[in-house]
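Numbering (this note's numbering), first residue to last: 13 to 521. Here a beta-carbon is modelled for each residue, glycine too, at the ideal position from N, C-alpha and C. As the structure is a computational prediction, the values presented were derived from the model and not from experiment.
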């Protein structure tokens, strides 16, 4: 883990010097903070860097230590991480890494009594509809004391508590126990710990499970919508029914699918347990316009249990698609899912004046604009293109090198793949980018030619709730097959042939 170039470094500022050498060195310890998978605006995921990524590693480590050693103070837990960190960089404590990168297991071991046995590991509890009144507990026995000395099976038992009440002492070497006489549908919490022949005990390990398994179904998966030839407005809904409940136990009482349109329940499609886990579909005729849909699974219990929502799908867009963002202040919700971007006149000489799609750092450090799904299935080899014009800064604020604009395609595995990325620069004239979708890498075993293809623009900029920094401007977005009869477009910056059906633009100068 080389220290990041942007990482803060010590020592402390002069008026904060304590005179205690170990307190005057900063940082005190280090944690991973570069290219860490994190949430992004709009309910998505990506990689981010910075102290905001490193801090959760440290906080999570402290939480784990507090769980294992609940009587320890915050200072004691901090010093355990501090004193057991893995030294990196210059030998000893330094102003780049501090004491080094944290090692939570080493910190845990430093707090344990060396004469105590280790706890059981890989502890599990399980019950499903075939065993509704019993619970199977399994674990791996420890083989050592905290000190590393050998712990023989004949010299310990595994003690088991249910909801705080002791229920069993299991001899070493058994590694399983079945608890009986339970109530179907009730949640039980078990605590297991090792006890040796000298009455020394390990730290406790807890596990909980519902007798009979969870009653709540998993949501349907792979939900998408395609147009049909059955009437002009009929849609075909596709999904995969759940096979399990939320805890992974098998589902034996599947009863149907609820369809929600713009958040309201509009239909229920009856199914039976025989449909569990099957790929499924049905026709639905929606009202006019673009709508957002999701589905849930329901069972046959009373009262009925309903799953969490599936992924969201939308009324599919038709090809060819074109948008020149003619109306402020936001992109058309019938075309785009927008997270904090704007439509404004910040562009300089845009292809379709006066308005453009504008992404910047306001308010959360980046915007996200996602095209609604388009059915590209069966269009391999057709020459379908994605085209747009882009410009950094415009008449706004210039994005720096560390800022960026990314264009991403969604493959059939639900993964966003970056197909273009631009570092920040001062203003330049609008540039036309034409992407042959078939030429882009969708990832191993994946394709971009599927019913739920989507495109999104994503930027990274300086966050501010009051100012707009690091502008990127987009105009004349096109998705479709090139025309057989190119149209000539003339503007003040260049002359070129455009191959975009319905995307011609002319300017006088």
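In the DSSP assignment, what residue or residues form a beta bridge with residue i?
i	result
residue 309	269
residue 207	169 and 213
residue 429	421
residue 386	329 and 465
residue 113	42 and 98
residue 222	199
residue 489	335
residue 188	150
residue 304	326
Whole-angstrom Cβ separation of residue i and residue j, contact assumed at under 8 Å?
i	j	result
residue 380	residue 56	7 Å
residue 231	residue 319	4 Å
residue 349	residue 397	Not a contact, Cβ separation roughly 22 Å.
residue 385	residue 464	5 Å
residue 107	residue 336	About 53 Å; that fails the 8 Å criterion.
residue 340	residue 442	That pair is no contact at about 18 Å.
residue 113	residue 97	6 Å
residue 216	residue 204	7 Å
residue 148	residue 202	Going by Cβ atoms, the distance from residue 148 to residue 202 rounds to 11 Å, so no, they are not a contact pair.
Using 10 angstroms around the beta-carbon of residue i, count the other beta-carbons present and answer buried if the total reaches 16, otherwise exposed.
i	result
residue 9	In this structure the chain extends from 13 to 521, so residue 9 is not present and cannot be described.
residue 460	buried
residue 382	buried
residue 477	exposed
residue 188	exposed
residue 191	buried
residue 313	exposed
residue 179	exposed
residue 471	buried
residue 42	buried
residue 311	buried
residue 23	exposed
residue 301	exposed
residue 18	exposed
residue 21	exposed
residue 511	For residue 511, the predicted model reports a pLDDT of 43, less than 50, meaning its position is unreliable and no value from the coordinates is stated.
residue 11	This structure cannot settle anything about residue 11, because the visible part of the chain is limited to 13 through 521.
residue 504	Legend: pLDDT at residue 504 = 44, less than 50; position of this residue unreliable, no value from coordinates given.
residue 316	exposed
Check whether the Cβ atoms of residue i and residue j lie closer than 8 Å to each other.
i	j	result
residue 40	residue 111	yes
residue 288	residue 248	no
residue 424	residue 480	no
residue 326	residue 305	yes
residue 76	residue 135	no
residue 309	residue 221	no
residue 410	residue 440	no
residue 485	residue 406	yes
residue 372	residue 483	yes
residue 15	residue 101	yes
residue 395	residue 467	no
Does the ligand HEM have even one heavy atom less than 7 Å from the beta-carbon of residue i?
i	result
residue 253	In the structure shown, the ligand HEM is absent, as is every other ligand, since no ligand is present at all.
Does residue i come within less than 8 Å of chain B when only Cβ atoms are used?
i	result
residue 184	Note that chain B does not occur in the displayed structure, where there is just one protein chain.
Checklist entry - Are the stretch 447-461 and the stretch 403-417 in contact at 8 Å, needing three or more beta carbon pairs? => result no
Next on the checklist: Would the stretch 352-361 count as touching the stretch 269-279 if we require 3 or more Cβ pairs under 8 Å?
Outcome noted: no
Next on the checklist: Under 8 Å, with one C-beta from each stretch per pair, do the stretch 124-133 and the stretch 154-166 reach the 3-pair mark?
Outcome noted: yes
Next on the checklist: Under 8 Å: do the stretch 271-280 and the stretch 227-238 share three or more Cβ pairs, one atom per stretch?
Outcome noted: no
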